[in-house]
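So the sequence shown is numbered by my numbering: it starts at -9 and just counts up by one.
Positions of the beta carbon are idealized from the N, C-alpha and C atoms, including for glycine.
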Amino acid sequence: MSVEQRTQVGIIGAGPAGLMLGRLLSLHGIDSVIIESRSQSYVIDRVRAGVLEQGTVDLMHEAGLAERLGRLGLRHEGIYLAFNGGRHRIDMTALTNGRAITIYGQNEVIRDLIDARVAAALPLHFEAPAVAIRDIETRQPVIEYEMAGERKRIRCDFVAGCDGFHGIARSAIPVGVLQSYERTYPFAWLGVLADAAPTSEELVYSLHPRGFALFSMRSPTVTRLYLQCDPDTDVTAWPDDRVWKELTTRLSTDDGWRPAEGTITQKAVTPMRSVVSEPMHHGRLFLAGDSAHIVPPTGAKGLNLAMADVYRLSLALHDFYTTTRTDLLATYSTRGVRRTWAAQRFSWLMTSLLHRINPDNPFDYKRQLAELEYLVGSRAAMTSLSESYVGAAFD
Ligand code: FAD
Ligand code: DHB
-9 MSVEQRTQVG IIGAGPAGLM LGRLLSLHGI DSVIIESRSQ SYVIDRVRAG VLEQGTVDLM
51 HEAGLAERLG RLGLRHEGIY LAFNGGRHRI DMTALTNGRA ITIYGQNEVI RDLIDARVAA
111 ALPLHFEAPA VAIRDIETRQ PVIEYEMAGE RKRIRCDFVA GCDGFHGIAR SAIPVGVLQS
171 YERTYPFAWL GVLADAAPTS EELVYSLHPR GFALFSMRSP TVTRLYLQCD PDTDVTAWPD
231 DRVWKELTTR LSTDDGWRPA EGTITQKAVT PMRSVVSEPM HHGRLFLAGD SAHIVPPTGA
291 KGLNLAMADV YRLSLALHDF YTTTRTDLLA TYSTRGVRRT WAAQRFSWLM TSLLHRINPD
351 NPFDYKRQLA ELEYLVGSRA AMTSLSESYV GAAFD
């Protein structure tokens, strides 16, 4: 016989979406149980996003979790676009009435959220994969999961599917209801983390004849860098000296700027794809974050989109529990899908602007250079890019 627990919201996944949702619900006095298939150290150590939109920073404040962010986060008011040997700064803050982005690693966000949940002694189970979601068309859906060799059940009012792209929640929406829109890009990113002091205070996005490169950072002593590569790239084919040679070639500009080399502490290949699943809600199941949508990383929207989802969901659930109204829950998906497509548009734009698409045909490269020249020479075009980059307010 399986052990059954009862809660108001059963949350699958302890990524940024699931953990932030749990935090926001607890602040509204709503109970939740979070289950996560991986171990705590795996979830914390996973190196991923680093750019927080203003809305995500504001949400960390609202969640009472901004102490370390305030101390360690790096506020950036601009970015550089590099092409044809030149490096051009876009003053995003001046162009968006004072909005900015903040560099703060996703693993730091995760650490803050886990610490808060553990300090509040709220249920968070690691190495506890959800294996089935049942009865979502009833008022008492059930999540079945496994933990320490035992099969368990969570009976709840709502299920939040925050289990990322490879989770099970999306497939609990019946075939025929769920629509999926997908695009896979013919390239990937090789990302590295290096113990090297950043040589630029702001990010540098570069289009080079050999492909895209990105210079980013995590702290005053750690640089984060990415290279466009083939999707089937094996990291073992990229020893450190090859990585530095390629990064230096693709990033160096005629003014003498280049990244500083250092010890590489992490190296991984990330595929690039766009996926939108609609609707984000069926019955008592709500999808949030990567379980509902994936954006290619150029433009740094994934984590921020996940945060916007759970903010919207937490308000809708709060409204339901305080007034029994369901209209915010009913519009959760349409409002989310609109924001998702806006993020898809921008991520696609940045990806197609900055990657070598067909290296055998120089036409596209020349056209991309013309586009970039226009962009850095037009206040209107730079304003448009900046508005999307810093992100719209969460609604
Ligand atoms: P996830 O972080 O994937 O979390 C889902 C969790 O659910 C995981 O911990 C998983 O183990 C768990 N899970 C899965 N299946 C189950 C199950 N059956 N039962 C229980 N648990 C389960 N975004 C940005 O905004 N800015 C950036 O700068 C940026 N850069 C990126 C760089 C890279 C290299 C990569 C890979 C991504 C980047 N992203 C960026 C995207 C961002 O990391 C994701 O969008 C974000 O992690 C989504 O959060 P999530 O909580 O929805 O999903
Ligand atoms: C980072 C990731 C991104 O996808 C991006 O567009 C900018 C920065 C980063 O990991 O720092």
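Where F353 falls, given that 16 or more other Cβ within 10 Å makes a residue buried: One-based indexing of the sequence shown puts residue 353 at position 363. That one is exposed.
Nearest to G151 (by Cα), restricted to the options A4, L359, F310, T341: Here residue 151 refers to the residue found at position 161 when the sequence shown is read from its first residue. Residue A4 is the option with its Cα nearest to G151.
Go ahead and pull the three-state DSSP assignment for W179. As a position in the sequence shown, residue 179 is number 189, starting the count at 1. Three-state result, W179: strand.
Pick out whichever of V(-7), A306, Y216 has its Cα sitting closest to the Cα of R141. Along the sequence shown, one-based indexing puts residue 141 at 151. Per the Cα distances, V(-7).
Please determine if the segment 171 to 185 and the segment 293 to 307 are in contact, where contact requires at least 3 C-beta pairs separated by less than 8 Å. no
I need the residues with a C-beta less than 5 Å from some heavy atom of ligand 2; please give them in chain order. G40, V41, S206, R214, P287, A290
Within the segment 7 to 66, ranges of the alpha helix (DSSP H) (whole runs, at least 4 residues): 30 to 35, 44 to 52, 57 to 62
Alpha helix (DSSP H) containing Q96: first to last residue? By one-based count along the sequence shown, residue 96 stands at place 106. Run containing Q96: 96 to 109, per the alpha helix (DSSP H) assignment.
Buried or exposed, going by whether 16 or more other CB atoms sit within 10 Å of the CB of T213? Counting from 1 along the sequence shown, the entry for residue 213 is found at position 223. With 16 or more Cβ atoms within 10 Å of its Cβ, T213 is classed as buried.
Flag this pair as touching only if the segment 201 to 209 and the segment 144 to 164 have three or more C-beta atom pairs under 8 Å; answer yes or no. no
Compare the beta carbon distance of H18 and H308 with 9 Å and say whether it is the shorter of the two. For the purposes of this step, residue 18 is identified with residue 28 of the sequence shown, where counting begins at 1. For the purposes of this step, residue 308 is identified with residue 318 of the sequence shown, where counting begins at 1. Taking 9 Å as the Cβ cut-off, H18 and H308 qualify as a contacting pair.
Going along the chain, which residues of its own chain have a beta-carbon closer than 7 Å to the beta-carbon of Q256, five neighbours each way excluded? In the sequence shown, the residue the question calls residue 256 occupies position 266. Same-chain partners within the cutoff: V37, V182, L183.
If distances are taken between C-alpha atoms only, which option among D105, P286, I24, V167 comes closest to A53? By 1-based counting over the sequence shown, the position of residue 53 is 63. Nearest to A53 by C-alpha distance, out of D105, P286, I24, V167, is D105.
Just grab the DSSP bridge partners of K356 for me. The count along the sequence shown starts at 1 and reaches residue 356 at position 366. In DSSP, K356 forms no bridge with anything.
Could you tell me the distance, in whole angstroms, from the CA atom of P287 to the CA atom of L103? Taking the sequence shown and counting its residues from 1, the one referred to as residue 287 is at position 297. Taking the sequence shown and counting its residues from 1, the one referred to as residue 103 is at position 113. The alpha-carbon atoms of P287 and L103 are separated by roughly 23 Å.
Are the Cβ atoms of I69 and R79 separated by less than 9 Å? Taking the first residue of the sequence shown as position 1, residue 69 is located at position 79. Taking the first residue of the sequence shown as position 1, residue 79 is located at position 89. For I69 and R79, yes; Cβs fall inside 9 Å.
Nearest by alpha-carbon distance to A118: which of I93, M82, G157 is it? If you number the sequence shown from 1, residue 118 lands on position 128. It is G157 whose Cα lies nearest to the Cα of A118.
Go through the segment 234 to 289 residue by residue and report every complete run of the beta strand (DSSP E) that reaches 3 residues or more, in order. Listed in chain order, the complete beta strand (DSSP E) runs (minimum 3 residues) inside the segment 234 to 289 are 253 to 268, 275 to 277.
Exposure label - T341; buried when at least 16 CB within 10 Å: As a working mapping, residue 341 is identified with position 351 in the sequence shown. Buried: at least 16 other Cβ atoms inside 10 Å.
DSSP three-state label for T174, please. Locating residue 174 in the sequence shown gives position 184, where the first residue counts as 1. It is a strand residue.
For D220, tell me which candidate among L9, F177, V259 has the shortest Cα-Cα distance. Here residue 220 refers to the residue found at position 230 when the sequence shown is read from its first residue. Cα-wise, what sits closest to D220 is F177.
First through last residue of the alpha helix (DSSP H) which encompasses T313: On the sequence shown, position 323 is the one that residue 313 refers to. Element bounds for T313: 292 to 313.
If contacts are defined as beta-carbon pairs under 8 Å, then R107 and G12 qualify, I think. What distance do you get, rounded to the angstrom? To locate residue 107, count along the sequence shown from 1; it is residue 117. To locate residue 12, count along the sequence shown from 1; it is residue 22. So it is a contact: roughly 6 Å between Cβ atoms.
Give a yes or no on contact between the segment 266 to 283 and the segment 320 to 331, applying the rule of three or more CB pairs nearer than 8 Å. yes
Using only the alpha-carbon positions, how far apart do V327 and H283 sit? For this step, residue 327 is matched to residue 337 along the sequence shown. For this step, residue 283 is matched to residue 293 along the sequence shown. Cα to Cα, V327 sits roughly 9 Å from H283.
With 16 other Cβ atoms within 10 Å as the buried cut-off, status of Q169: As a position in the sequence shown, residue 169 is number 179, starting the count at 1. The residue is exposed, with fewer than 16 neighbouring Cβ atoms inside 10 Å.
Closer than 8 Å is the cut-off here; do at least three beta carbon pairs connect the segment 309 to 317 with the segment 350 to 365? no
For N348, the nearest candidate out of L193, R58, P199, T373 (CA to CA): Counted from its first residue, the sequence shown places residue 348 at position 358. N348 has its Cα closest to that of P199, out of L193, R58, P199, T373.
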